[in-house]
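Asker: Quick one: this structure, given as structure tokens, is what I'll be asking you about.
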Amino acid sequence: MNLNLRHAIVENLNGSDEEHIRATILDAIESGEEKMLPGLGVLFELMWDKSSNEEKELVISHIKAGLQ
Numbered sequence: 133m134n135l136n137l138r139h140a141i142v143e144n145l146n147g148s149d150e151e152h153i154r155a156t157i158l159d160a161i162e163s164g165e166e167k168m169l170p171g172l173g174v175l176f177e178l179m180w181d182k183s184s185n186e187e188k189e190l191v192i193s194h195i196k197a198g199l200q
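Those letters in the sequence shown? Residues 133 to 200, by the numbering used here.
Here it is as structure tokens:
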């Protein structure tokens with residue numbers, strides 16, 4: 133069985149409105165289940181690919197602050 137997890141996650145959310153995407157992210161974070169991490173990683177990748185350099189720097193700054 134050849135499962136492309138990245139493709140499956142994108143297809144699962146394709147066509148979703150902002151509220152559904154928000155709910156999906158919150159559910160993944162609040163559940164605390166490690167099995168949700170790949171999905172959040174795919175969403176992060178999608179965001180990163182569409183972000184400007186300034187937005188990327190802001191994300192990096194937020195991550196750094198969260199690590200302290």
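Ideal Cβ placement from N, Cα and C applies to all residues, glycine included.
1. Who are the Cβ neighbours of Leu145 in its own chain at under 7 Å, not counting the five residues just before and after it?
2. Are Ile141 and Val174 touching if we call contact CB-CB under 7 Å?
3. Roughly how many angstroms separate the alpha carbons of Glu143 and Leu199, rounded to a whole number?
4. Within 10 angstroms of its Cβ, does Gly171 collect 16 or more other Cβ (buried), or is it exposed?
Answerer: In short:
1. Looking up residue 145 in the sequence shown gives position 13. Ile153 and Thr156, listed in sequence order.
2. As a first step, residue 141 must be located in the sequence shown, where it is residue number 9. As a first step, residue 174 must be located in the sequence shown, where it is residue number 42. In contact: Ile141 and Val174 (Cβ atoms closer than 7 Å).
3. If you number the sequence shown from 1, residue 143 lands on position 11. If you number the sequence shown from 1, residue 199 lands on position 67. Taking the straight line from one Cα to the other gives about 31 Å.
4. Locating residue 171 in the sequence shown gives position 39, where the first residue counts as 1. Per the 10 Å Cβ criterion, buried.
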